[in-house]
Structure formats: structure tokens, C-alpha cells
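Asks:
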Amino acid sequence: MLGLKGVHAHYGSAHILHGVGLEVQAGQIVCLVGRNGAGKSTTLKAIMGMVPPSEGEITFQGERIDGRAPHLIAGLGLAWVPEDRRVFGSLSVDENIKVAAQATRRSSAANARDALGFFPDLVPRAGQLAKNLSGGQQQMLAIARALASSPELLMLDEPTEGLAPNMVKAIRVGILESRERGVSILVVEQNLRLALSVGDVFFVLSRGTVVFQGTRDELQAAPEIISEHLGIGQARELSAWRE
Ligand SMILES: Nc1ncnc2c1ncn2[C@@H]1O[C@H](COP(=O)(O)OP(=O)(O)OP(=O)(O)O)[C@@H](O)[C@H]1O
Ligand SMILES: [Mg+2]
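Take this note's numbering: the last position of the sequence shown gets the number 311, and nothing is skipped along the way.
(1) Hey, how far is the Cα of Gly117 from the Cα of Asp134?
(2) If Gly124 sits next to His76, beta carbons under 8 Å apart, how far is it from one beta carbon to the other, in whole angstroms?
(3) In terms of alpha-carbon separation, which member of Arg284, Asp268, Arg261, Met223 lies closest to Lys113?
(4) Since I believe Glu257 is in contact with Val101 (beta carbons under 8 Å), could you give me their beta-carbon distance rounded to a whole number of angstroms?
(5) Is Asp225 a contact residue of ligand 2, with contact defined as CB to any heavy atom under 7 Å?
(6) For a quick check, are the C-beta atoms of Ala216 and Leu209 less than 8 Å apart?
(7) Using CA coordinates, which residue listed in Thr228, Ser265, Val241 is at the minimum distance from Gln288?
(8) Does the distance from the C-beta atom of Ala169 to that of Leu190 stay below 8 Å?
(9) What separation, rounded to the nearest whole angstrom, lies between the Cα atoms of Ala171 and Ala180?
(10) Is any heavy atom in ligand 2 found nearer than 7 Å to the beta carbon of Ser109?
(11) Return the chain-ordered list of same chain residues with a C-beta closer than 8 Å to the C-beta of Gly138, the five sequence neighbours on each side being excluded.
(12) Out of curiosity, what's the CA-to-CA distance linking Arg247 and Pro120?
(13) What are the partner residues of Arg132, as DSSP defines its beta bridges?
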């Protein structure tokens, strides 16, 4: 449903993506992993049209989307939760979701109501101001808000960063639940353990290029890829986890 071919991107004169190739099939959870600064967030921004590619092709549902404006790309059914997961602090949980749902023609009041259901923790907090939620609850709200637009593909940028283990678990359940309901997912995730527990397919990015692509089993069978491109610590943690 989503395909990137030879995508290059720049910030001014800084050349960040060097021909990224990536694919998401309908119904998949695809994980994009790599060290800090590898270009993971830039890849998502290129897909959303926030950083227009300087070269290459991006297609979504068979249509070229590179070069289109971000709001047009979003209107095709692509939703993005950026790293900073900004919610409207002075609006309630409910209002945050309604505002997002109203911003798109794709959504209905029913979608907005259902969006909360992905995260049972949020349901009793529907009337609370978003600024009074914990970091984890704000992340859930940011994801619920993206789901309220009834996307075909949901892109999450480090959804569990800095969250307590019980919050990580809730986000994981929300990701799996979204897929159950027919939303495909592209997730950037530093927590390799979590990524391996949800991801079907993995793309490893290093200095703006994809250096590995494969299934969960293929990645787990390639500890050298993990230690070289994701860090020794993660490789160690992973082998301890498997034992
Ligand atoms: N707005 C910007 N202007 C200039 N350079 C930028 C900008 N945003 C990111 N960069 C640079 O682009 C490179 C890739 O950044 P990007 O945010 O895509 O990495 P990342 O893989 O998401 O890293 P992290 O794990 O730290 O989030 C980095 O070297 C970063 O410093
Ligand atoms: Mg990033």
C-alpha cells in the first residue's frame, strides 16, 4: 500500500536520505529502526510531505504522493504521530479527538467515539484536560487522535520513548488492536524488544539508507546487523531475552 523507491531528502544543503527504499503491505506492522540520527523521522516526514523528497518516488495505494502538500497526503488516509506527540493541553481528551476527526472528511462522529476505545485507560478520562494527563496517556491520546481520522496507514514515531513499562504495554496493545481493525502500521521504535513483539517486517536504516530488510525471524537471526546498526547493548539485551 505504501512504497518508497530511491528517496533522497535534504535539510537545506544537508543530504539526509540517500535513496531509501521501503514497502508496507496492507495489514502489516512494519518497523523502521536505526541509531539516533539515521534518518528515521526524516523518512516519515518525507512520506507526509513535510520534507519533500529531492529525488525518488513515493506511492500510496498505487498513487504517486511525493510532491503533494501534507494535508492532501493526510486526506488520502495517512496519519502521522510525530516524536513530540503534541496534544492540545487546554482541550479535554474528548475535544482533542473531535477536533482531529472534524479536520478530515474521512471521519465520522462514530470514528471519533471509537478512537478512545483503542485505549481503555482514556475512557474514564474523556472529560479531563489533556495537559493533566501523564506522558503515557498523552501518547495514547495522540495515537487515538490519529486513529479518529480513520487512516488506512498509521505512522508512529517512537511512541514509547520515555514511557513507563505499563504505558509501553498499553501502547503495544493499542498498536495490535489498530491492526486488528484493519489499519496498517509503520512504526519507528528504539525499543527493539517491543518492536520484535509487534513487527512483521523490519527495515534497518543507517546514515540515510536501508541496510537490512526482512521479517522478524530474519532480523533475529542476524545479531551482527543488530549490534552494528542498532547498538551492542540491544544485541545483548535481545540474546538475554531469548535465553
Ligand atoms: N530540521 C532539520 N534541519 C537540519 N538537520 C536536521 C533537521 N532535522 C533533522 N536533521 C538532521 O538529519 C539527520 C537525521 O535526523 P532524523 O531526525 O531523521 O533522525 P532519526 O533517525 O529520527 O533520529 P532519532 O533517533 O534521534 O530520532 C540528523 O543528522 C539530524 O541532525
Ligand atoms: Mg527521530
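Just so it is clear, CB atoms sit at the ideal spot from N, CA and C, and this is done for glycine as well.
Replies: Let me lay it out:
(1) 7 Å
(2) 6 Å
(3) Closest by C-alpha distance to Lys113, out of Arg284, Asp268, Arg261, Met223, is Met223.
(4) 6 Å
(5) yes
(6) no
(7) Between Gln288 and the set Thr228, Ser265, Val241, the nearest pair of CA atoms involves Ser265.
(8) no
(9) 11 Å
(10) yes
(11) Checking the displayed sequence, the identity of residue 138 turns out to be Pro instead of Gly. Met116, Gly117, Met118.
(12) 28 Å
(13) Thr127
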